[in-house]
Amino acid sequence: MQELTSKKINLATKNMDKYEELRNILDNFDLDLRVVDLKGTEIQAFSVLSVAEQSAKEISTRTDEAFIVEDSGVYINSLYGFPGPYSAFVYKTIGLGGIVRLLKNREDKTAEFHSAIVYGDKGKVVKSFIGICEGNISTNLQGDQGFGYDPIFTPKGKNKTFAEMSLSEKNQISHRSKAARTFAEWLEKNQ
Ligand code: IMP
Numbered sequence: 020m021q022e023l024t025s026k027k028i029n030l031a032t033k034n035m036d037k038y039e040e041l042r043n044i045l046d047n048f049d050l051d052l053r054v055v056d057l058k059g060t061e062i063q064a065f066s067v068l069s070v071a072e073q074s075a076k077e078i079s080t081r082t083d084e085a086f087i088v089e090d091s092g093v094y095i096n097s098l099y100g101f102p103g104p105y106s107a108f109v110y111k112t113i114g115l116g117g118i119v120r121l122l123k124n125r126e127d128k129t130a131e132f133h134s135a136i137v138y139g140d141k142g143k144v145v146k147s148f149i150g151i152c153e154g155n156i157s158t159n160l161q162g163d164q165g166f167g168y169d170p171i172f173t174p175k176g177k178n179k180t181f182a183e184m185s186l187s188e189k190n191q192i193s194h195r196s197k198a199a200r201t202f203a204e205w206l207e208k209n210q
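In this text, residue positions in the sequence shown follow the working numbering: the first is 20, and each later residue adds one.
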């Protein structure tokens with residue numbers, strides 16, 4: 020009898036929160052996600068998709084194994100999409116307090132989280148997947164779960180921030196979970 024083995028996928032990241040969220044989704048599709056130290060250069064571009072695709076292109080020249088790159092960011096509408104691809108930098112510099120202050124006198128507090136997953140295998144970039152989660156930036160920090168902007172992001176239709184949700188609650192609606200599910204469903208049909 021043939022033994023069933025799950026497909027190994029390498030994730031190029033240093034962010035273990037991202038890894039946990041992605042693993043939690045991909046486990047359901049029998050995909051075995053592993054963290055590898057393979058990060059490509061992060062170019063400057065407005066869309067997280069362009070950033071992830073460039074990084075995947077580079078990584079594909081260095082490995083024949085299956086891998087994904089995930090790049091994400093928060094796009095605040097009244098700030099013309101800022102910080103977008105600069106989310107990690109802005110988080111480290113002005114921080115969540117700085118973002119809340121920037122929005123203090125703005126009525127429109129709507130924002131979107133974007134996640135781009137790019138899949139590569141056998142030394143080639145294969146396909147890209149996008150997930151978007153709409154919501155609002157809150158007026159103060161709430162909750163201690165998750166990471167990054169979670170304490171100030173309330174997804175549309177919910178009355179609590181991502182940081183007030185368990186991982187599985189966040190994974191029902193988050194940008195990253197949408198991109199990951201689309202990827203896994205595509206892989207199931209196409210491999
Ligand atoms: P990168 O994808 O590693 O370039 O980092 C994107 C940055 O966006 C992270 O460091 C976080 O600050 C922020 N970010 C991306 N996704 C999330 C999320 O699901 N929750 C909170 N912050 C996030």
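Cβ coordinates follow ideal geometry from the N, Cα and C atoms, glycine included.
None of these values were measured; they are calculated from a predicted model.
Distances from the CA of Lys128 to each of Ala135, Ser106 and Arg120 were compared; the closest alpha carbon is that of Arg120.
In this structure Cys152 is not in contact with Glu183, their Cβ atoms being roughly 15 Å apart against a cut-off of 8 Å. Taking the C-beta atoms as reference points, Phe101 is found no nearer than 8 Å to Ile28. In this structure the region 59–69 does not touch the region 108–119; the number of beta carbon pairs closer than 8 Å is below three. Judged by their CB atoms, Leu115 and Pro170 are nearer to each other than the 8 Å cut-off. With fewer than 16 other CB atoms across the displayed protein chains lying within 10 angstroms of its CB, Asp51 is exposed. Within the model, the alpha-carbon separation for Arg42 versus Glu204 is close to 15 Å. By the neighbour-count criterion, in which a residue is buried when 16 or more other Cβ atoms sit within 10 angstroms of its Cβ, Lys208 is exposed. For Gly139, the Cβ stays outside the 7 Å cut-off from all heavy atoms of the ligand IMP. When beta bridges are read from the DSSP output, Val137 appears opposite Val88 and Ser147.
With a cutoff of 8 Å on beta-carbon distance, Lys197 and Gly154 are scored as not near each other. Out of Ile95, Thr173, Phe202 and Tyr168, the CA that lies nearest to the CA of Val145 is found in Phe202. Ranked by Cα distance from Val54, the options Glu40, Ile118, Gly162 and Thr173 are led by Glu40. With a cutoff of 8 Å on beta-carbon distance, Val88 and Ile78 are scored as near each other.
Where Arg120 is concerned, the enclosing alpha helix (DSSP H) starts and stops at Gly114 to Leu122. Closer than 7 Å to some heavy atom of the ligand IMP: that describes the Cβ of Asn34. With a 10 Å radius around the Cβ and a threshold of 16 neighbouring Cβ atoms, Thr80 comes out exposed. The nearest non-hydrogen atom of the ligand IMP is 7 Å or more from the C-beta of Asp163. A straight line joining the alpha-carbon of Thr32 with that of Glu126 spans about 36 Å. In the structure shown, Ile44 adopts helical secondary structure according to DSSP, grouped into three states.
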